[in-house]
């Protein structure tokens, strides 16, 4: 997936910092390119100094390019690391977007705030779990191609353009993301199977890019769905069409946060059936938020259920393949993407090779 984010910070003085925005928008242009696996050992991000940021405006310019043909195929994009060219000693919440738009570069202005956000949790109607040994064919699709919407809330109307684009966040907020049983998962259009650690219980929190207040702050304490995944267990989550956001995963009962309340663990990022991008879908793994906060990088892998188009990071970012680290903030061409009727992704938390 070609995703690019350029974050410009305008404070009391005109300070610019080149950072990677989470939940990047996925504009899929039909071009062929190469994605090259790279070993990021030794590429540990430098220590980030933090200070209180007040009345900070964040401006984000993003540009993304599609390189997968509609029929699928192996990724063919060469990724080159472009180090940040300017730095700042002001640590600010990372403002991000998942909007997908063809052949456009857009910018948006959003207020960054250190204020505590209200925690919002959606309780899904179906919450049956399954073990990793469950033999249900969750990767299948329903006969006739008629996908279920059972359990989802009302779809919200998309609005805005470029970085200000707001897709479907569900009404009530977060009801576009629900847990489903392994036996029913195949009935839904966009499904992610989360498989836990081999050793410990882990927590997964899933959010929309746009928070309950309509601002681009979904990862600041908000949750559309919380999962506790026991060692070796798997759980299934269905996403409604035109949903954009991310998830974080960490050992224990909660996710770590940075000084501003943003989730500061390894992220998975998603854009399912983007209505502004001809129903393309995309995903990637990112350690940027964890590294920016100088916190632990958890292992995570996201692949199609077939094992193709993988994006992953091992514990401590010792190995990074088709995924984001802090020093890769300005690079295009990272992650997986498809333009298919249904998407089936397999996520492994606490991933190590």
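In mature numbering (1 follows the signal peptide of the UniProt record, and there is no 0), the protein residues as written are -17 to -1, 1 to 336.
Even for Gly, the Cβ is constructed at its ideal location relative to N, Cα and C.
Spatial neighbours of residue i in its chain, beta-carbon cut-off 6 Å, leaving aside the 5 residues before and after
i, result
"residue 172", "130, 325"
"residue 136", "153, 154, 155, 158"
"residue 300", "23, 270, 280, 308"
"residue 292", "319"
"residue 276", "241, 247"
"residue 261", "none"
"residue 298", "282, 335"
"residue 286", "293, 329"
Alpha carbon of residue i to alpha carbon of residue j, nearest angstrom
i, j, result
"residue 120", "residue 248", "31 Å"
"residue 217", "residue 161", "15 Å"
"residue 312", "residue 303", "14 Å"
"residue 220", "residue 310", "31 Å"
"residue 230", "residue 201", "10 Å"
"residue 327", "residue 163", "14 Å"
"residue 288", "residue 128", "19 Å"
"residue 197", "residue 255", "19 Å"
"residue 273", "residue 168", "31 Å"
"residue 227", "residue 315", "19 Å"
"residue 264", "residue 319", "8 Å"
"residue 143", "residue 192", "14 Å"
"residue 194", "residue 206", "9 Å"
"residue 126", "residue 242", "49 Å"
"residue 180", "residue 188", "15 Å"
"residue 213", "residue 176", "14 Å"
"residue 132", "residue 138", "10 Å"
"residue 215", "residue 251", "19 Å"
"residue 253", "residue 222", "10 Å"
"residue 182", "residue 146", "40 Å"
"residue 290", "residue 190", "25 Å"
Cβ shell of residue i (< 7 Å), same chain only, five flanking positions each side left out
i, result
"residue 239", "233, 247, 248, 278"
"residue 211", "184, 186"
"residue 107", "The predicted position of residue 107 is uncertain, since its pLDDT is 37 and thus under 50; a value taken from the coordinates is nonetheless stated next. If we look at residue 107 and ignore the five residues flanking it on each side, its Cβ neighbours are 134, 161, 162, 208."
"residue 306", "267, 268, 269, 294, 295, 296, 317"
"residue 235", "186"
"residue 56", "Caution applies to residue 56, whose pLDDT of 44 falls short of 50 and renders its modelled position unreliable; the value that the coordinates give is listed next. Excluding residues within five positions, none has a Cβ falling inside 7 Å."
"residue 123", "169"
"residue 237", "186"
"residue 64", "With a pLDDT of only 37 at residue 64, under 50, the local geometry of the prediction cannot be trusted, and the value read off the model is given with reservation. Cβ neighbours of residue 64 beyond the five flanking positions: 310, 311, 314."
"residue 110", "Interpretation of residue 110 is limited by its pLDDT of 37, a score under 50 that renders its predicted location unreliable; the figure taken from the coordinates is listed afterwards. 162."
Chain-order list of residues whose beta-carbon lies under 8 Å from that of residue i (same chain, five-residue window excluded)
i, result
"residue 141", "148, 149, 150, 151, 225, 258, 259"
Residues bridged to residue i (per DSSP)
i, result
"residue 169", "Beta-bridge pairing links residue 169 to no other residue."
"residue 296", "283, 303"
"residue 263", "257"
"residue 180", "Partner(s): none; residue 180 has no beta bridge."
"residue 320", "265"
"residue 142", "149"
"residue 331", "178, 284"
"residue 250", "231, 269"
"residue 291", "None; residue 291 has no bridge partner."
"residue 137", "154"
"residue 185", "212, 234"
"residue 162", "220"
"residue 190", "229"
Below-8 Å beta-carbon distance, residue i vs any chain D residue
i, result
"residue 260", "In the structure shown, chain D cannot be found, because there is only a single protein chain."
- Message: Below 8 Å, how does it come out for the segment 282 to 290 and the segment 329 to 336: are there three or more Cβ pairs, yes or no?
- Response: yes
- Task: List in chain order: all unbroken alpha helix (DSSP H) runs of 4+ residues lying wholly within the segment 208 to 247.
- Result: none
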